[in-house]
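Here is the structure we will look at, set down as C-alpha cells.
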Amino acid sequence: MLSRALCGTGRQLAPALGYLGSRQKHSLPDLPYDYGALEPHINAQIMQLHHSKHHAAYVNNLNDTEEKYKEALAKEMEFHHVGQSGPELLISSDLPTLASQSAGISGDVTAQIALQPALKFNGGGHINHSIFWTNLSPDGGGEPKGELLEAIKRDFGSFDKFKEKLTAASVGVQGSGWGWLGFNKERGHLQIAACPNQDPLQGTTGLIPLLGIDVWEHAYYLQYKNVRPDYLKAIWNVINWENVTERYMACKK
Ligand SMILES: [Fe+2]
C-alpha cells in the first residue's frame with residue numbers, strides 16, 4: 007500500500023553507487039591545430055565557433071545530464087516496517103517519480119528513461135566531434151596508404167568510388183547529421199553510413215567510427231552558405247588519413 011508518510015526510520019534499499027560519485031566530468035578536448043590551420047578549406051571563424059561554442063555546449067550538457075542521471079540512479083524507495091502486514095512503501099519528494107515507486111522498483115527508472123534523449127544527443131555530440139577534430143589536419147588530403155587503402159579498394163572498388171559514396175551519403179543527410187566511414191567488425195569490412203542529429207555511429211549502428219564528416223550547418227554555413235556539396239568537396243583536402251588509418255588498424259585487431 008502506498009502511503010504519503012515521511013519517516014526517518016525508513017530502511018533504504020541502496021544500490022552501490024559509490025563509483026558514480028568519483029566520476030570525472032567530461033572536458034572539451036584541445037584542437038590538435040590552430041583554428042585557422044585548415045584554411046582555406048574551413049575558415050577560422052567556423053572552427054572557433056564549432057569547437058569553443060558548439061562542442062563545448064555538448065560537453066556541458068552531457069555533464070549536466072549525467073549528473074541528473076546519477077541522481078535518478080541514487081533515488082531509492084524507502085520502506086517502513088509496519089508489523090506483520092509487511093513493509094509499507096513511503097513517498098516523498100526526494101524519492102523516485104510516482105511511476106517508478108508504484109511499480110515497486112528501485113532507482114528512478116522513469117527519470118532515467120526521460121534523460122535518454124539528452125544523453126544520446128549530448129553524448130553523441132561529444133563523441134562525434136572528438137573524433138572529427140582528429141580526422142582533420144592541415145597536412146591532410148590526398149589518399150590513404152597501406153592496409154586502409156587496400157581495404158577501401160576491396161570494399162568500394164577504388165578510392166574515387168569510396169569518395170563519391172561517402173560524399174553522396176553526406177550530401178543526402180536530411181537536416182543535420184553526419185556521414186561516416188565505419189568498420190563492421192563482425193563482417194570484417196568497411197561500410198558507409200549516415201546518421202541523423204548527433205546519433206553516435208557505434209551506439210546506433212554497431213559500426214566502429216573511422217572517419218566522420220559533420221554536415222550540420224554550423225560546420226560550413228559561415229563559409230559555404232547553404233551549399234553543402236562545396237563544403238564536402240573542400241573537406242577532402244584536410245582529411246587526416248594517418249588518423250583514419252590508426253583507427254582502422256586499432257579496430258581490426
Ligand atoms: Fe558539429
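Our numbering applies: residue 7 is where the sequence shown begins, and numbers increase by one. Quick reminder that beta carbons are idealized off the backbone N, C-alpha and C, glycines included. What you are looking at is a predicted structure, and each value in this text was computed from that prediction instead of being measured.
Review point. Contact check, T71 vs L121 under 8 Å by CB: the rounded distance?
Key: Between L121 and T71 the Cβ distance is about 6 Å, and since that is below 8 Å, they are a contact.
**Study point:** Cβ distance (whole Å) where S176 is taken to contact V250 below 8 Å
**Key:** 15 Å between Cβ atoms; not a contact.
Practice item. Check whether the region 38–46 touches the region 205–220, counting contact only when three or more Cβ pairs, one atom from each stretch, lie closer than 8 Å. Key: No: fewer than three Cβ pairs fall under 8 Å.
Practice item. Taking only the alpha-carbon atoms, compute the straight-line gap between G185 and G152 and give it to the nearest angstrom. Key: The straight-line gap from Cα to Cα measures roughly 23 Å.
Practice item. For R29, count neighbouring C-beta atoms within 10 Å of its own C-beta (all shown protein chains included) and say buried if the count is 16 or more, exposed if not. Key: It counts as exposed.
Point to revise | CB-CB length for W242 against G147, believed under 8 Å | key: That pair is a contact at about 7 Å.
Review point. Distance, Cα to Cα, I158 vs A256?
Key: Approximately 16 Å between the Cα atoms of the pair.
Review point. Does DSSP put W247 in a helix, in a strand, or in coil?
Key: It is helical.
Review point. Would you call N128 buried or exposed, if buried means 16 or more other Cβ atoms sit within 10 Å of its Cβ?
Key: When all chains shown are included, N128 counts as buried.
Point to revise | Own chain residues within Cβ distance below 7 Å of K258, not counting five before or after | key: Excluding sequence positions up to five before and after K258, its CB lies within less than 7 Å of the CB of F189, all in the same chain and listed in chain order.
Check your understanding: Considering W184, what are the terminal residues of the beta strand (DSSP E) in which it resides?
Key -> Where W184 is concerned, the enclosing beta strand (DSSP E) stretches over G183 to N190.
Review point. How would you write the range of the alpha helix (DSSP H) that D166 sits in, first residue to last?
Key: It spans F165 to V177 - the alpha helix (DSSP H) in which D166 sits, taken as one unbroken run.
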